[in-house]
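Numbering (the numbering used here), first residue to last: 142 to 455.
Using N, Cα and C, we set each Cβ at its ideal position, and we do this for glycine too.
Working notes for the structure below.
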Ligand SMILES: [Fe+2]
Ligand SMILES: [Fe+2]
């Protein structure tokens, strides 16, 4: 695990404030007062997250972050920016140079949350690169720790989805992809603030939008880690619905990749059958009733039949 964050700012006051802010966090802070100094520093040590001010003499933050990519390709980059150059920050994000931006002056809580999420993301990507199954599973469990209501969720989803896949006649590689995709389907939740994950009530539309990003973020992380395409696809598409009302793309019916359709049924069922922050688990039969009621709207009807056959008997 690498929990080192490099802050780059030409104002020593800012760097001191940041050091104070992080002294009680499980994160070690290193600093540099210019882009040039920072580029030297990243040659000599591995940095998980780089946070840079934008308005600096000689080399601005966007240029520095772009240049840091060749030395530290895996580091997660965050840009600090005043309102004045917000547009430039958004463009940098769209070009994929920067993971997030933060506006100055920052709110302490936002800075700590964003940096912690970036540190997690860095470690997830590096861990996924080794991609042995034990690492994948322990990673899935780490994410569940953040969201106590889903403890065991990924494992159960894998279990249900695998039995269904077997009954559907899938073999070898497909089954392996289903297992890994199920374990990691919610790994994008590392990007969702804990306050939203554990919110005690239905989410507002805005909070829901943040939550909905988890499938894209997760797929992006898996892609960066070079996991097999079918695994990335399961993560990306596990919230698509059969009638096209799901996310992120609103795919419909057979356009939703097959393996993702299988995992989606298992995920939906387990979400009904386990405790959520805002409601208790329903009885199994009630969960099956709702699941069957969503035939053809939420889930693939053929997969649903096989799923019910397998899982009801468990
Ligand atoms: Fe999910
Ligand atoms: Fe899930």
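- prompt: Can you tell me where the beta strand (DSSP E) with residue 185 in it begins and where it stops?
  reply: Counted as a single uninterrupted DSSP element, the stretch harbouring residue 185 is not any beta strand (DSSP E) but the alpha helix (DSSP H) occupying residues 176-185.
field: Three or more C-beta pairs below 8 Å linking the stretch 384-398 and the stretch 428-443
entry: Verdict: yes, contact present.
- prompt: Say the cut is 8 Å; is the CB of residue 296 nearer than that to a heavy atom of ligand 2?
  reply: False, no ligand heavy atom lies under 8 Å from that Cβ.
task: Can you tell me the Cβ-Cβ gap for residue 375 and residue 400, rounded? I've got them flagged as a contact below 8 Å.
output: Between residue 400 and residue 375 the Cβ distance is about 5 Å, and since that is below 8 Å, they are a contact.
query: Three-state secondary structure (DSSP) at residue 311?
result: In the structure shown, residue 311 sits in coil (DSSP, three-state: anything other than H, G, I, E or B).
- prompt: With a CB to CB cut of under 6 Å and the five nearest residues on each side skipped, what residues in its chain are close to residue 389?
  reply: Cβ neighbours of residue 389 within its own chain (closer than 6 Å, five residues either side excluded): 356, 357.
message: In chain order, what are the residue ranges of uninterrupted beta strand (DSSP E) at least 3 long that sit wholly in the stretch 180-247?
response: Fully enclosed beta strand (DSSP E) runs of 3 or longer: 190-194, 217-222, 241-244.
- request: Might you give, ordered along the chain, the residues of its own chain that have their beta carbon closer than 6 Å to the beta carbon of residue 150, omitting 5 neighbours on each side?
  value: For residue 150, where only same-chain residues beyond five positions count, the Cβ hits under 6 Å are 156, 194.
task: Could you tell me the distance, in whole angstroms, from the CA atom of residue 452 to the CA atom of residue 278?
output: Looking at the two C-alpha atoms, the distance is approximately 22 Å.
query: Taking the alpha carbon of residue 311 as the point to measure from, which residue in 447, 162, 246 has its own alpha carbon closest?
result: Out of 447, 162, 246, 447 has the C-alpha closest to the C-alpha of residue 311.
message: Along the chain, where does the beta strand (DSSP E) containing residue 148 start, and where does it finish?
response: Run containing residue 148: 145-149, per the beta strand (DSSP E) assignment.
- prompt: Quick one: is the Cβ of residue 424 within less than 8 Å of any heavy atom of ligand 2?
  reply: No; taking the cut-off as 8 Å, the Cβ of residue 424 has no heavy atom of ligand 2 nearer than that.
task: Kindly confirm or deny that the stretch 354-373 and the stretch 315-334 touch, where touching means at least three C-beta pairs closer than 8 Å.
output: They touch, by the three-pair rule.
query: Is the beta carbon of residue 199 less than 9 Å from the beta carbon of residue 223?
result: Not closer than 9 Å, so no.
message: In the DSSP output, what is residue 255 paired with across the bridge?
response: Bridge partners of residue 255: none, in fact.
query: Who are the near neighbours of residue 449 in its chain, counting only those whose CB is closer than 6 Å to its CB and skipping five residues on each side?
result: None.
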